[in-house]
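Below: the structure, in structure tokens.
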Amino acid sequence: MIISKDNEKIKYINKLKQKKHRDKENKFLVFGDDLILEAKKHDVIIEVYTSNPNKGGTLVSKELMKQLNYTVTPFDTLAICHKLLEKEPSSLILLLEDVQDPDNVGALLRSASAFNFTTVILSNKSADLYNDKTVRASKGALFDLNIIRTDVISKAEELKSLGYKLYITDVNGSESPKLAAKSVLVLGNEGSGVSTQMKELADESLTIKTSNVESLNVNVAGSILMYEWSKL
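Residues 100 to 331 (this note's numbering) are what the sequence shown spells out, left to right.
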């Protein structure tokens, strides 16, 4: 059993709680049985650590495991995982331009998986995919998706050259657009929305008619649009 915080493996896990080290090592952490099970299904687990002697993995003390956790109520198991590999884009794509709240990004990943937007593109200023909040909010959906982080303006131009149509959200947009077979739904920053450059690239604007409220949270709006898209 590992009991010292100065143990080299414990030091390494603590480093992976920081984005710069996740990026350098190309690895990330997942906590809890449910996420670890999803990671196992996708064969990305490197090592498992646990404070529960009845579970598989390297045994660590409960006090150490509590220190390694992000949450107030600690999980008793964690895993070090390889980051996910990028693949060719699907016909339906969700593009997040500077969506900065990790809870929003994680929830949108879950909706994207549910409604067959199996490729998600993140701008360089969007929340870190491997932030613990993003991972937990996705409820494991990130393992089912092809997720690409890149310069989204250049990527949008590339996708348009490949025959994709770009759709942005706007209060003056259409409630019943003609949707193309190869489509990109673009969601913008929580405060400022999509950029002027992205608006200029867009083929059409979408809107969700609401009563009593001026606008919806980007997670809610994106989930509604993807759901409506899935019915077509």
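Glycine is no exception: its CB is placed at the ideal position from the N, C-alpha and C atoms.
Model, not experiment: these values are computed from the prediction.
Distance from the CA of residue 173 to the CA of residue 167, rounded to the nearest whole angstrom, comes to 9 angstroms.
DSSP places residue 303 within a strand segment (E or B) once states are collapsed to three. Take the alpha-carbon of residue 280 and the one of residue 220: they are about 18 angstroms apart.
When DSSP states are grouped into helix, strand and coil, residue 282 belongs to the strand group. Using a Cβ distance threshold of 9 angstroms, residue 197 and residue 287 count as a contacting pair.
The count of Cβ pairs closer than 8 angstroms, one atom from the region 267 to 274 and one from the region 231 to 245, stays below three, leaving the stretches out of contact.
Within the region 221 to 292, the complete beta strand (DSSP E) segments at least 3 residues long are 245 to 249, 264 to 273, 282 to 286, listed from N- to C-terminus.
With contacts defined by Cβ atoms closer than 9 angstroms, residue 212 and residue 240 form a contacting pair. When DSSP states are grouped into helix, strand and coil, residue 123 belongs to the helix group.
For the pair residue 258 and residue 298, the Cα-to-Cα distance works out to about 15 angstroms. Contact holds between the region 171 to 190 and the region 124 to 135, because three or more Cβ pairs, one in each stretch, are under 8 angstroms apart.
Spatial neighbours of residue 303 in its own chain (CB-CB distance under 6 angstroms, excluding positions within 5 residues in sequence) are listed in chain order as 266, 276. Here residue 147 carries a strand assignment [DSSP, helix/strand/coil].
Membership of residue 179 in the beta strand (DSSP E) is indicated by the continuous run 176 to 181. Shown here, residue 295 sits in a helix according to DSSP, grouped into three states.
Judged by their CB atoms, residue 145 and residue 135 are not nearer to each other than the 9 angstroms cut-off.
Close CB contacts of residue 118 within its chain, under the 6 angstroms cut and outside five residues either way in sequence, are with 227 (chain order).
For residue 215, same chain residues with a beta-carbon under 7 angstroms away, outside a window of 5 residues either side, are 191, 329 in chain order. Per DSSP, residue 102 lies in no beta strand (DSSP E) segment and is marked neither H nor E. Residue pairing by DSSP places residue 157 opposite 148 in a beta bridge. Linking residue 201 to residue 249 through their CA atoms gives a straight-line distance of about 17 angstroms. Here DSSP, grouped into helix, strand and coil, assigns residue 129 to strand. Residue 323 and residue 223 have their C-alpha atoms roughly 25 angstroms apart.
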